[in-house]
Structures are given as structure tokens and as C-alpha cells.
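Enquirer:
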Amino acid sequence: MRKCRPVLLKGTFALTDLVLQAKMITKSFSGQEILKGLSLDVERGDLISIIGPSGCGKSTFLRCLNFLEHPDSGEVRIETVSLACDGSRWTRQDEVRAHQLRSHVGMVFQSFNLFPHRTVLENVMMAPLHVKKIAPDQAEATAMELLEKVGLKNVVDRYPDRLSGGQKQRAAIARALAMKPSVMLYDEPTSALDPELSEEVLSVMRALDQEGMTQLVVTHDMRFARAASDRVLYLEGGEIVESGSPDQIFAHPQEARTRRFLRTLLS
Amino acid sequence: MKRPGLCFLFCLLAVLSFLSVSSGVRAESYRVPGAQNETDLPWSSDGEANVPYVFHDPANDRHVLGFEYDLMNEIAPLLNRKSRFVQNGWEGLIPGLSRDLYAMVIDGIEMTPEHKAAVLFSRPYYVTTDRIVVRKGTKGLDTLEALKGHLIGTIKSTAAERLLIQQDPKNFRSYDEETNLFTDLRTGRLDAILIDEPIALYYCSADMEIVGKPVGEIAYGIAFSKTNPALRDAVDQALETLIKNGKLHDILAKWNLWTPQMAHYTGDYSETSVKPVAWEQYRTLMAGVSASDTMALFHRYVSFLPLIGEGMVMTLAVSALAMVIAVALGVALALVRHYGVAPLRIIAGFYIEVVRGTPLLIQILFIFYGLPALGIRLSPFFAGVVALGLNYAAYEAENYRAGLLSVPRGQMEAAIALNMTHFQALRLVIVPQAFRTVVPVMTNDFISLLKDSSLVSVITLTELSQTYIRLSSTYYDYIGPGLMVGAAYLLVGLPFVRLAHMAEKRMGKAINHGHH
């Protein structure tokens with residue numbers, strides 16, 4: 001089922017609404033090139049799955065998009081904020097720019113990274129309170145709303161260590177959503193979860209997709225990638241080998257490397 | 268006369284006095300360092316044990332007695348001033364001169380060449396000899412030569428010690444405290460004692476005796492800062508007067524210390540007119556209370572309570588303030604070392620290594636006696652607080668750094684991804700979690716700081732340990748005061764332990780929730 005994508009009209013030209021653009025992102029770790037100039041355009045409302053073998057650079061690529069890793073070179077634009085890296089020193093101004101850019105991005109981690117010394121509700125409220133300086137009662141109302149949406153209404157006062165893995169990851173999604181991002185980045189959100197717990201999380205992501213949230217998901221869950229994505233990127237060796245609709249990638253892969261990868265998954 | 272570190276401190280003084288000479292201090296008429304007003308004459312001595320020089324009255328611990336104390340009371344009026352005793356530990360006596368804490372030191376200091384290099388001496392106010400003390404009935408140990416091959420005890424840095432080293436460098440032991448020395452003779456750990464005659468007289472109990480002829484010669488002088496010869500001259504004049512008018516004779520007679528040597532030295536061969544009342548009083552008093560007299564002991568212990576209370580307050584005040592410094596500076600150092608830019612990180616690391624790698628005692632002495640040469644003068648109390656605080660900050664910093672390292676990397680990433688600034692991430696996410704793991708270690712450190720606060724006694728602060736040393740050496744009773752002071756430490760430490768437990772519980776709640 002295709003959904004409607006809102007399209008922004010600028011002047012008299014109808015433009016595709018690219019909410020995120022990455023250009024020629026490179027990154028090396030101790031001399032080894034992990035990303036070899038990746039570029040990506042993301043339309044608003046897309047759910048993009050990024051797949052590929054371990055160590056192909058897909059997590060690094062995701063982390064470069066909100067500057068948790070600083071790319072060696074390349075440029076990222078999200079909404080109206082763009083930030084380019086050219087290998088020179090990270091300046092105060094870069095940090096300010098990165099801060100502006102991150103205000104449009106939410107991130108969800110494989111290991112959840114909830115704050116263990118705060119309750120679920122406090123986890124979700126913390127950033128709106130302290131970063132956006134939203135009034136406490138309003139922050140709490142928003143947080144409760146989000147927690148209800150991800151199905152955690154009954155555990156809001158628990159500490160993270162009393163939640164199941166699925167609950168933790170849904171809390172982490174609520175926490176990221178509380179900052180009202182335009183793009184959500186997921187770094188292997190279900191890799192640490194049993195299949196049934198994964199499903200709790202994936203259904204939340206599908207619901208968000210229905211609402212028009214833009215989502216980039218690094219995942220090993222091919223069933224999810226095939227069923228839920230608008231687009232699938234296949235990464236290997238720090239390059240985008242192939243990109244297209246789930247049907248193109250999974251049913252009719254054009255590249256030999258993609259085919260080999262899919263074959264190893266089946267065997 | 269006694270105790271270790273003497274050489275070091277005399278050298279320190281020599282250096283410091285050189286510094287002040289070169290800064291051009293000049294005195295037309297004499298100056299009185301440490302004087303609070305025109306008529307004040309502050310002088311110092313170590314009044315712990317130290318009978319019969321300057322000591323605390325066993326009958327009333329707040330009174331100070333001694334033949335040197337009496338002598339100062341006679342000298343002061345001749346300078347149109349009032350004598351004021353300032354307590355200081357033996358190690359601090361001479362450095363205190365250069366810090367101008369007081370005008371002079373009188374504590375049985377021998378006028379040896381090495382001492383003369385560091386301070387200015389008055390003419391001798393007492394000449395005496397060393398004596399041999401043995402357990403009653405011991406035969407054949409009555410000459411210096413006879414002592415050869417036997418285990419002999421004495422006090423550190425004395426003429427007796429030098430004699431023993433010359434004669435038989437292996438078979439002797441040096442003590443800090445007279446009481447310990449005589450206890451070891453009594454229990455048979457020593458065969459004999461060679462010591463200044465006044466000490467021999469006063470510490471020799473009924474089961475011991477002084478034997479043989481006097482050995483060697485000793486002269487005691489009053490010590491002054493090298494920059495103050497005018498004051499020394501004035502005191503010399505006063506001593507001259509006291510010798511001429513017989514006052515010195517009277518004082519020494521009162522303490523049973525007038526000897527043929529003194530007669531020879533002063534040229535005063537007159538009959539002694541004063542009875543040895545002070546001597547008799549002291550001997551009666553010490554014989555008075557025996558351990559079997561339970562009621563008397565009980566009353567004595569009760570009378571210790573106010574002193575121990577004062578010691579507790581001092582210990583608590585010094586420790587609590589030092590902890591505040593240690594925690595605040597420790598957090599700053601840990602953050603700098605963990606997150607700071609390279610040069611700051613290196614400085615913080617250097618600070619931590621230096622402070623952890625050197626003894627606290629040296630740091631305290633350095634801050635109190637050393638820094639004034641650089642123009643930084645702290646009162647004993649603040650010097651103690653600062654030294655302890657700076658020292659423990661280094662240990663706390665490493666604790667906190669370990670705490671920071673124990674917080675998973677993902678926590679910082681999650682905070683940054685939520686668009687917190689580094690500072691917000693630290694304040695809201697990292698530090699609270701790090702603190703939780705650090706609290707048990709901190710409790711340990713605080714208790715150990717409480718005990719280390721005893722070291723500030725070297726800079727004239729009378730806290731619990733100093734109170735114990737004073738009480739036990741005054742009464743030769745190490746058990747009763749020991750138990751009382753031990754209990755006082757526990758009492759002071761308990762609130763910290765409770766507090767730490769509470770904090771641990773409060774902060775641990777979040778984490779331990781699911782695990783019980």
C-alpha cells in the first residue's frame with residue numbers, strides 16, 4: 001500500500017521534498033577506509049532500510065548523519081541545516097551547527113542506552129525539559145502521550161532495568177520522539193531482541209511510518225526490510241552497491257555482490 | 268634533646284633564615300615576633316611528656332608547669348613583658364621560630380655546633396650531664412664503658428645518643444618519648460638507659476635506680492631566630508640578672524635540679540634556701556593514683572572528657588572542611604583528566620601523581636612552614652584543612668575518574684543524540700551514574716581522612732590524637748585514654764558512614780531495584 005507523501009511547493013516549482021541529503025561521506029578509522037564517499041537523498045516520509053554484511057560501514061554511515069561520528073569529508077543537510085566536513089579541525093562553530101542539525105534527528109541504539117538512574121517517564125522528559133526548556137507539566141503530558149502510543153502507559157514509573165528488551169527499545173523510541181525530530185535513525189534496533197520482542201518494536205516503527213515519519217533503519221531483519229521499507233540500500237565495503245524498492249533488491253538484484261549477500265542469508 | 272627529624276628541620280631553618288636575612292630584616296632594638304601587643308612575650312616548647320622542662324600538670328591538665336616555664340615567668344618581667352606559652356610539637360619548634368609564630372624556644376635544646384648553625388642561642392640557662400638508669404639491683408652497669416655490649420636506650424638526637432653511637436653503634440635504641448623509654452627498661456626490653464639527668468631524675472620510678480658517675484656535659488640554651496640578635500642579647504642580660512639575684516638558683520632548687528655543676532657554672536656556691544616543693548609534689552602525685560584505685564581512675568577519666576570533646580570538635584572541623592575541598596577539587600580534576608584538552612589533562616595528571624606520590628606529613632609541613640617563604644601565610648587551622656583537602660582531592664579525582672570510566676560510552680552518545688550539550692550530558696547523565704559507583708569508595712576515603720587528620724598535630728593543632736598523646740604521656744597511662752580516644756574517633760566517623768549509606772541507598776535505588 002502506497003501512502004501519500006507530502007510535497008513542498010516552492011515558488012511555482014513543485015519539488016520533491018528531500019528532508020535529508022548526504023553527499024560524498026568518507027570516514028577512515030586508523031588508516032582503514034570505512035566509508036568511501038556515500039551519498040543519499042531521503043524524501044520526507046520514507047522508510048529506508050540499510051542492509052549489508054557486518055563491518056560494511058552501515059552503522060558508521062548512520063552515525064555520521066547526526067555527527068556522532070565526524071566524517072572526514074562530505075556534507076550532510078537535514079531540513080535547512082547543513083554541515084560540511086573537509087578534514088580540518090572541528091570548530092566551535094561546527095559544534096553549534098551540529099547541535100542545530102541534531103535538533104531534527106532522533107536516534108535509537110541497538111543497546112537502548114536508556115538512562116538507568118531515571119524512570120521511563122523521566123527518560124522521555126529529560127531532553128525536552130533541559131534542552132528545549134519546555135515547562136514540566138507540558139513535557140510530562142507529551143511524554144505520557146508518547147509512552148501510551150508505544151504501549152508503555154503502565155510502566156512509566158519503572159526504572160529501565162525492570163523492563164523487557166522490547167519495552168526498553170520502545171521507551172527509547174518514545175524518548176527520541178519527544179524531541180519532535182523530522183528524521184529517526186535506528187542502529188540495529190532489534191538485533192539484541194528475541195523475535196517476539198522485536199515485533200513489538202517493529203510494529204511501533206510501522207505505525208510511525210503510517211504517520212509520515214521519515215526513518216532510516218540499519219537492520220539485519222530482512223523480513224522487516226522487505227515488508228516495511230520504501231527503499232532498501234545494500235552496502236558493502238563502504239559503498240552503496242545497490243539501492244531500490246524492496247522488490248528490486250530482494251527479488252531482482254542487479255549486482256553480483258547483492259545476490260551473493262542474499263544467497264548467504266538463505267543458506 | 269629528643270625526637271627525629273631534628274637535623275632535617277634545623278637544615279630547613281638554616282635555609283629559611285638565610286632567606287629572611289637576604290630580604291633585609293634589620294633590628295635596631297629587638298623585635299618580639301608573634302607578640303599580640305606591646306607587653307606580650309610568646310615563647311614555645313613541646314609540653315607533651317617533657318617533665319620537668321615544660322609539661323601539663325597531671326593534677327589539672329589545663330595547667331602548665333616546669334622549670335623552664337618558671338624561668339620564662341622570671342625573664343618576661345625583666346623585658347617589661349608577660350610570658351605566654353605557645354604549645355608546638357618538637358618537630359615544629361624551630362621552624363615556628365622562622366615563621367615568627369613566637370619569639371623564642373626553650374625546650375632543653377642542647378647547644379651543639381649543628382644546632383648553632385641553625386639558630387641563635389642565649390647563654391646556657393642550665394648545665395647538666397647524662398646519667399645511667401638501670402632496674403633496681405642490676406650490677407656492673409655503672410660506667411659508660413661497662414654499657415658496651417648491652418642493649419641501651421636513649422632519646423633521639425641527644426648527647427647521650429651521640430656517645431652511644433661512638434662507643435657501640437649496634438647496641439642501642441633511640442626513642443621519641445621518655446615514657447616509652449622507661450617502660451621498656453621496666454619490662455626488660457632494655458638493659459640500661461643513658462639520658463639527661465633531669466629526665467633520669469623525674470622518670471626513674473621506684474623499681475629503678477640511677478647508678479654511677481655523671482657522664483659527659485650538656486648545656487641548654489634558649490633558641491632565637493638568627494635575624495634577632497638584639498632580643499637574644501636582652502634575654503642574656505635577663506639571665507645574667509637571674510643568676511646574680513639567685514632567682515635561677517631558687518627555681519632549680521624548687522625542682523630539685525640545683526647541682527654542683529650549676530654552682531660551678533654560675534659561681535654561686537651559696538646554701539640552697541628553697542625546698543624542692545615542685546619535685547615532691549610531682550613525685551607524690553605520680554605515686555598517688557595506681558591502676559587498682561578504681562574510683563580515682565574513674566574520676567581522672569571523667570576529667571579527660573572535656574579535653575577529648577575539644578579534640579573531637581577540632582578533628583571533625585578539620586576533616587569536614589578538608590572533605591569539601593577534596594570532593595570539589597576531585598570532581599574538577601577527574602573531569603579535566605577525562606574530558607579536558609591535552610595540556611590541562613597533563614597538568615591534572617601531574618598534580619595527581621605528585622600529590623599521591625609524596626607523604627602527607629611532608630605536604631602539611633611544606634604548606635605551613637615552607638609557603639610563608641613564598642609569601643603565602645596560612646593559619647595552622649587553614650594550613651591543615653588545605654593540606655588535607657589538596658591531598659585527598661588527588662585520591663578522590665582518581666576515584667571519580669574510575670566512576671566516569673564505569674559509565675558505558677553509549678550513555679554519552681544517547682545524551683548527545685538527544686541534543687544535550689556536553690555539560691548537560693555530564694550533569695544529568697554521566698556524573699549521577701558515576702557517583703553511584705563511587706560512593707562506597709568515598710566512604711572509605713572519608714574515614715581514612717578522618718584518621719589522617721591526626722597529622723595536623725605537627726602544626727600545633729590539638730585534635731584527638733594529640734589529646735591522646737598528651738594525656739597518655741602525662742599520666743603514663745596508654746590504655747584508658749586510648750580506649751576513650753578510640754571511641755571518640757568511632758563516634759566522629761559514624762555520622763559519615765551513615766550519611767554514605769543513605770546516599771548509597773538513595774542513588775542505588777534506581778539500579779538495585781530489580782535485583783533483590
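Chains W and H are the protein sequences, given in the same order.
When we follow the working numbering, the leftmost residue of the first sequence carries the number 1, and every step to the right adds one.
When we follow the working numbering, the leftmost residue of the second sequence carries the number 268, and every step to the right adds one.
Here a beta-carbon is modelled for each residue, glycine too, at the ideal position from N, C-alpha and C.
Report the residue from W:E239, W:L235, W:A251, W:E255 whose alpha carbon sits nearest the alpha carbon of W:S49.
Expert: Position 49 of the first sequence, counting from 1, holds the residue named residue 49 of chain W. Ranking W:E239, W:L235, W:A251, W:E255 by Cα distance to W:S49 puts W:L235 first.
Enquirer: Any C-beta of chain W sitting closer than 8 Å to the C-beta of H:V752?
Expert: Along the second sequence, read from residue 1 onward, the residue named residue 752 of chain H stands at position 485. H:V752 does not count as touching chain W.
Enquirer: Give me the chain W residues within the contact set of H:L695, using Cβ-Cβ distance strictly less than 7 Å, ordered along the chain.
Expert: Position 428 of the second sequence holds residue 695 of chain H. Residues of chain W passing the Cβ test: M126, H130.
Enquirer: DSSP beta-bridge partners for H:M475?
Expert: Mapped onto the second sequence, residue 475 of chain H falls at position 208. H:R402, per the DSSP bridge assignment.
Enquirer: If you count every other CB in all the chains shown that lies within 10 Å of the CB of W:M126, and 16 or more means buried, which is it?
Expert: Stepping through the first sequence from its first residue, residue 126 of chain W is reached at position 126. W:M126 comes out buried.
Enquirer: With a threshold of 8 Å between beta-carbons, can W:M213 be considered close to chain H, or not?
Expert: Residue mapping note: residue 213 of chain W aligns to position 213 of the first sequence, counting from 1. It does not; no Cβ of chain H falls within 8 Å.
Enquirer: With DSSP collapsed to three states, give me the class of W:L101.
Expert: Within the first sequence, numbered from 1, the residue matching residue 101 of chain W stands at position 101. Reduced to three states, the DSSP call for W:L101 is helix.
Enquirer: Three or more C-beta pairs under 8 Å: does that hold for the region 472 to 482 of chain H against the region 403 to 423 of chain H?
Expert: Because the criterion of three Cβ pairs below 8 Å is met, the region 472 to 482 of chain H and the region 403 to 423 of chain H touch.
Enquirer: Report buried or exposed for W:W90, applying the criterion of at least 16 other Cβ atoms within 10 angstroms of its Cβ.
Expert: Translated into positions along the first sequence, residue 90 of chain W becomes position 90. Looking at its Cβ environment, which holds fewer than 16 other Cβ atoms inside 10 Å, W:W90 is exposed.
Enquirer: Chain H partners of W:R102, CB-CB under 9 Å?
Expert: Counting from 1 along the first sequence, the entry for residue 102 of chain W is found at position 102. Going along chain H in sequence order, the residues near W:R102 (Cβ under 9 Å) are I683, A684, L685, N686.
Enquirer: For W:H252, go through chain H and note every residue whose CB falls closer than 8 Å to its CB, in chain order.
Expert: Looking up residue 252 of chain W in the first sequence gives position 252. None at all; the shortest Cβ gap to chain H is about 36 Å.
Enquirer: Mind the definition here: the region 323 to 341 of chain H touches the region 358 to 377 of chain H only if three or more C-beta pairs lie below 8 Å; say whether that holds.
Expert: yes
Enquirer: Which bits of chain W does H:E771 rub up against, with CB to CB less than 8 Å?
Expert: Along the second sequence, one-based indexing puts residue 771 of chain H at 504. The contacting residues do not exist; H:E771 stays about 13 Å from chain W at best.
Enquirer: Please determine, among H:R676, H:Q678, H:L693, H:L600, the residue with the shortest C-alpha to C-alpha distance to H:E665.
Expert: Within the second sequence, residue 665 of chain H is the residue found at index 398, counting from 1. Among H:R676, H:Q678, H:L693, H:L600, the Cα nearest to that of H:E665 is on H:L600.
Enquirer: Need the endpoints of the alpha helix (DSSP H) that H:I342 sits in, please.
Expert: Indexing the second sequence from 1 puts residue 342 of chain H at position 75. Note, H:I342: alpha helix (DSSP H), 334 to 345.
Enquirer: For H:Y636, which three-state DSSP category applies?
Expert: One-based indexing of the second sequence puts residue 636 of chain H at position 369. Correct three-state label for H:Y636: helix.
Enquirer: Is it the case that the Cβ atoms of H:A391 and H:Y487 are separated by a distance below 8 Å?
Expert: Here residue 391 of chain H is taken as the residue at index 124 of the second sequence, counted from 1. Here residue 487 of chain H is taken as the residue at index 220 of the second sequence, counted from 1. For the sequence presented, residue 391 of chain H should be read as Pro rather than Ala. For H:P391 and H:Y487, yes; Cβs fall inside 8 Å.
Enquirer: Could you give the DSSP three-state label for W:T214: helix, strand or coil?
Expert: The sequence position of residue 214 of chain W within the first sequence is 214, counting from 1. Three-state DSSP puts W:T214 in a strand.
Enquirer: Where does W:G244 fall in DSSP's three states?
Expert: Residue numbering aside, residue 244 of chain W sits at position 244 when the first sequence is read from its first letter. Looking at W:G244 - three-state DSSP - the assignment turns out to be strand.
Enquirer: Put W:M184 into one of helix, strand or coil per three-state DSSP.
Expert: Taking the first residue of the first sequence as 1, we reach residue 184 of chain W at position 184. It is a strand residue.
Enquirer: Does DSSP put H:G314 in a helix, a strand or coil?
Expert: Within the second sequence, residue 314 of chain H is the residue found at index 47, counting from 1. In the structure shown, H:G314 sits in coil (DSSP, three-state: anything other than H, G, I, E or B).
Enquirer: So what's W:S30 in DSSP terms, helix, strand or just coil?
Expert: Taking the first sequence and counting its residues from 1, the one referred to as residue 30 of chain W is at position 30. W:S30 carries a coil assignment under DSSP once its states are collapsed to helix, strand and coil.
Enquirer: Can you check whether the C-beta of W:M24 is within less than 8 Å of a C-beta belonging to chain H?
Expert: For the purposes of this step, residue 24 of chain W is taken as the residue at position 24 of the first sequence. No - not a single Cβ of chain H is within 8 Å of the one on W:M24.
Enquirer: How many Å lie between W:I173 and W:V150 at the Cα?
Expert: The residue labelled residue 173 of chain W in the question sits at position 173 within the first sequence. The residue labelled residue 150 of chain W in the question sits at position 150 within the first sequence. Going from the Cα of W:I173 to the Cα of W:V150 covers about 8 Å.
Enquirer: Thinking C-alpha only, which one of H:V502, H:Y536, H:L418 is nearest H:N347?
Expert: For the purposes of this step, residue 347 of chain H is identified with residue 80 of the second sequence, where counting begins at 1. The residue among H:V502, H:Y536, H:L418 with its C-alpha nearest the C-alpha of H:N347 is H:V502.
Enquirer: Three-state secondary structure (DSSP) at H:M687?
Expert: Numbered from its first residue, the second sequence carries residue 687 of chain H at position 420. Coil at H:M687, not helix or strand.
Enquirer: Does any CB atom of chain W fall closer than 8 Å to the CB of H:G677?
Expert: As a position in the second sequence, residue 677 of chain H is number 410, starting the count at 1. Yes, H:G677 counts as interfacial toward chain W.
Enquirer: For H:E730, would you say it is in contact with chain W, using Cβ-to-Cβ distances shorter than 8 Å as the test?
Expert: Residue 730 of chain H sits at position 463 when you count from the first residue of the second sequence. Judged by the 8 Å Cβ criterion, H:E730 is not in contact with chain W.
Enquirer: Does the distance from the CB of H:I399 to the CB of H:L345 come in under 8 Å?
Expert: On the second sequence, position 132 is the one that residue 399 of chain H refers to. On the second sequence, position 78 is the one that residue 345 of chain H refers to. The Cβ-Cβ distance between H:I399 and H:L345 does not fall below 8 Å.
Enquirer: Rounded to whole angstroms, what's the CA-CA distance from W:S73 to W:A98? Just pull it up for me.
Expert: Here residue 73 of chain W refers to the residue found at position 73 of the first sequence. Here residue 98 of chain W refers to the residue found at position 98 of the first sequence. So the two alpha carbons sit approximately 15 Å from each other.
Enquirer: Considering only the alpha carbon of each residue, which of H:G753, H:A692, H:T379, H:G760 lies closest to H:L677?
Expert: For the purposes of this step, residue 677 of chain H is identified with residue 410 of the second sequence, where counting begins at 1. Correcting the residue identity first, residue 677 of chain H is Gly in this sequence and not Leu. Looking at the Cα atoms, H:A692 is the closest of the given residues.
Enquirer: What does W:H70 touch in chain H if you count any residue whose Cβ is under 9 Å from its own?
Expert: The residue you call residue 70 of chain W lines up with position 70 of the first sequence. Residues of chain H whose Cβ lies closer than 9 Å to the Cβ of W:H70 do not exist, since the nearest Cβ in that chain is about 12 Å away.
Enquirer: Can you give me, in chain order, the residues of the region 612 to 643 of chain H that have a beta carbon less than 7 Å from any beta carbon in chain W?
Expert: none
Enquirer: Less than 8 Å between the C-beta atoms of H:V598 and H:Y662, yes or no?
Expert: Reading the second sequence from its first residue, position 331 is the one you call residue 598 of chain H. Reading the second sequence from its first residue, position 395 is the one you call residue 662 of chain H. No, the pair does not count as a contact, with Cβ atoms beyond the cut-off.
Enquirer: Whole angstroms is fine: what's the gap from W:L101's alpha carbon to W:I78's?
Expert: Taking the first residue of the first sequence as position 1, residue 101 of chain W is located at position 101. Taking the first residue of the first sequence as position 1, residue 78 of chain W is located at position 78. C-alpha separation (whole angstroms): 6 Å.
Enquirer: Can we say the region 208 to 219 of chain W touches the region 24 to 33 of chain W, given the rule of at least three CB pairs closer than 8 Å?
Expert: no
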